[in-house]
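J.: Heads up: take any position in the sequence shown, counting from 1, add 119, and you land on my numbering. Beta carbons: idealized from backbone N, C-alpha and C, even for Gly. Pasting in a structure now, in structure tokens, and then I'll have a few things to ask.
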Amino acid sequence: MIEIMIAEDQQLIRESLKIIIDSQPEYTVVAALENGEQVLQALKQQRADIILMDIRMPVMDGVECTRRIKESYPDVHVLILTTFVEDELVMQALLHGASGYVLKGISLQELRRAVRIVLEGGSILDPEVAQRMIAMMQKTAEASKCTAGSAAACAQVNTEKLNKREWKIIQLIGEGLSNREIARRLIFTEGTIRNNLTVILEKLQLRDRTQLAIWYLQNGKQLQSYTVK
């Protein structure tokens with residue numbers, strides 16, 4: 120049974136989500152809360168596999184709550200479920216450890232798929248959110264583009280020890296694949312992919328696969344050409 124917490128300040132939406140999720144045999148809602156502070160208090164008493172988190176809430180918003188959850192409960196997954204598509208909020212939520220960002224208009228089938236991907240160790244973004252993030256990252260990369268020489272020098276800092284397999288795993292994570300999907304694609308066991316991911320994160324000094332996906336979109340494509348022979 121997958122145990123889910125809901126963080127949503129609007130009572131009607133919160134209660135509706137609870138009814139819908141509880142109707143699914145594989146899910147149980149262990150708490151439905153109205154702000155981030157209540158979530159942190161609830162986690163002291165009740166475990167959860169995943170939290171469906173709104174962004175804009177009183178007392179403590181979803182971004183700050185996500186940051187604190189990942190600091191204290193790193194194994195708890197956070198999936199942002201909101202109506203807001205604000206670039207800065209999206210980026211902050213992902214950088215603080217959220218595993219996905221989807222909009223409230225999605226179907227139950229899409230929500231179930233998002234939960235499954237996140238629990239398998241993957242990341243998921245609503246297509247509209249992903250398009251905006253990629254556009255923003257491309258603008259940022261263009262504004263701060265290195266020369267060929269300086270990019271090669273930068274690559275020596277953290278990426279020179281990455282091998283071809285690790286770069287391929289990074290690329291597939293950047294495309295949003297879960298560990299299971301990567302294992303099937305590369306014909307390895309899921310455990311091998313997890314072990315490789317741990318090594319990659321240590322080499323790049325990143326916290327989790329979400330930060331790795333963002334890093335790849337911002338820097339990896341450019342640096343890869345200087346480090347993989």
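#1: Report the rounded CA-to-CA distance for residue 220 versus residue 249, giving the unit in angstroms.
#2: What's the call for residue 131, buried or exposed, on a 16-neighbour Cβ count within 10 Å?
#3: Identify which residue in 122, 327, 306 has its Cα closest to the Cα of residue 293.
#4: Give a yes or no on whether the C-beta atoms belonging to residue 319 and residue 305 are separated by under 8 Å.
#5: Run through DSSP, which three-state label would residue 65 get?
#6: Beta-carbon separation of residue 315 and residue 279 under 8 Å?
#7: Among 283, 177, 170, whose alpha-carbon lies nearest the alpha-carbon of residue 185?
#8: Return the chain-ordered list of same chain residues with a C-beta closer than 7 Å to the C-beta of residue 139, the five sequence neighbours on each side being excluded.
#9: Per DSSP, what kind of secondary structure is residue 122 in: helix, strand or coil?
#10: Use the C-beta contact count for residue 120: other C-beta atoms within 10 angstroms, 16 or more gives buried, fewer gives exposed.
#11: Taking only three categories from DSSP, how would you classify residue 325?
#12: Which residue spans inside the region 220–249 form an unbroken alpha helix (DSSP H) run of at least 4?
#13: In angstroms with no decimal places, state the Cα-to-Cα distance between residue 302 and residue 296.
#14: Does any C-beta atom of chain C lie closer than 8 Å to the C-beta of residue 286?
#15: Here's the rule I'm using: 16 or more other beta-carbon atoms within 10 Å means buried, otherwise exposed. How should residue 283 be labelled?
#16: Return the first residue and the last residue of the alpha helix (DSSP H) that residue 132 is part of.
#17: In whole angstroms, what separates the C-alpha of residue 175 from that of residue 181?
#18: Can you check which of these residues, 338, 239, 216, 235, is closest to residue 192 by C-alpha distance?
#19: One question on the structure: do residue 239 and residue 168 come within less than 8 Å of each other, judged by their Cβ atoms?
#20: Looking only at its chain, what residues have a beta carbon closer than 8 Å to the beta carbon of residue 145, apart from the 5 residues adjacent to it on each side?
#21: Could you pull out every residue in the same chain whose Cβ sits closer than 8 Å to the Cβ of residue 298, ignoring the five residues on either side in sequence?
#22: Cα separation between residue 160 and residue 129?
#23: Which same chain residues end up closer than 8 Å to residue 229 when comparing Cβ atoms and leaving out the 5 residues on each side of it in sequence?
#24: At what residues does the beta strand (DSSP E) containing residue 150 begin and finish?
T.: Based on what the coordinates show:
#1: In the sequence shown, counting from the first residue as 1, residue 220 sits at position 101. In the sequence shown, counting from the first residue as 1, residue 249 sits at position 130. Here the alpha carbons of residue 249 and residue 220 stand approximately 9 Å from one another.
#2: Here the question's residue 131 lines up with position 12 in the sequence shown. Result: exposed.
#3: Position 174 of the sequence shown, counting from 1, holds the residue named residue 293. Just measuring C-alpha positions, the residue of 122, 327, 306 sitting nearest residue 293 is 327.
#4: By one-based count along the sequence shown, residue 319 stands at place 200. By one-based count along the sequence shown, residue 305 stands at place 186. For the 8 Å CB-CB criterion, residue 319 and residue 305 do not form a contact.
#5: Not covered by the structure: residue 65. The range shown for the chain is 120 to 348.
#6: Locating residue 315 in the sequence shown gives position 196, where the first residue counts as 1. Locating residue 279 in the sequence shown gives position 160, where the first residue counts as 1. Pairing residue 315 with residue 279 gives a Cβ-Cβ distance that is not under 8 Å.
#7: Locating residue 185 in the sequence shown gives position 66, counting from the first residue. For the residues 283, 177, 170, the minimum Cα distance to residue 185 belongs to 170.
#8: Numbered from 1 along the sequence shown, position 20 holds the residue referred to as residue 139. The answer, listed in chain order, is 227.
#9: Reading the sequence shown from its first residue, position 3 is the one you call residue 122. The answer is strand: DSSP assigns residue 122 an E or B state.
#10: Residue 120 sits at position 1 when you count from the first residue of the sequence shown. Around the beta carbon of residue 120, fewer than 16 other beta carbons sit within 10 angstroms, so the residue counts as exposed.
#11: Along the sequence shown, one-based indexing puts residue 325 at 206. Residue 325 sits in coil when the DSSP states are folded into three classes, being neither helix nor strand.
#12: Here the runs fully enclosed are 227–238.
#13: Counting from 1 along the sequence shown, the entry for residue 302 is found at position 183. Counting from 1 along the sequence shown, the entry for residue 296 is found at position 177. Residue 302 and residue 296: Cα-Cα distance of roughly 10 Å.
#14: The chain labelled as chain C is not found in the depicted structure, where only one protein chain is given.
#15: In the sequence shown, the residue the question calls residue 283 occupies position 164. It is exposed - the Cβ of residue 283 has fewer than 16 other Cβ atoms within 10 Å.
#16: Within the sequence shown, the letter at position 13 stands for residue 132. Note, residue 132: alpha helix (DSSP H), 130–141.
#17: What you label residue 175 is simply residue 56 of the sequence shown in a count that begins at 1. What you label residue 181 is simply residue 62 of the sequence shown in a count that begins at 1. Rounded to the nearest whole angstrom, the CA to CA distance from residue 175 to residue 181 is 6 Å.
#18: Your numbering for residue 192 matches position 73 in the sequence shown. Nearest of 338, 239, 216, 235 to residue 192, Cα basis: 216.
#19: If you number the sequence shown from 1, residue 239 lands on position 120. If you number the sequence shown from 1, residue 168 lands on position 49. No. Outside cutoff.
#20: As a position in the sequence shown, residue 145 is number 26, starting the count at 1. Excluding residues within five positions, the ones whose Cβ falls inside 8 Å are 120, 121.
#21: One-based indexing of the sequence shown puts residue 298 at position 179. Excluding five sequence positions before and after residue 298, the CB atoms of its chain that fall closer than 8 Å to its own CB belong to 239, 240, 241, 309, 312, 313, 316, given in chain order.
#22: Taking the first residue of the sequence shown as position 1, residue 160 is located at position 41. Taking the first residue of the sequence shown as position 1, residue 129 is located at position 10. One C-alpha to the other measures close to 19 Å.
#23: Stepping through the sequence shown from its first residue, residue 229 is reached at position 110. Within the same chain, residue 229 has close Cβ partners 221.
#24: Working through the sequence shown from its first residue, we reach residue 150 at position 31. Unbroken beta strand (DSSP E) run through residue 150: 146–152.
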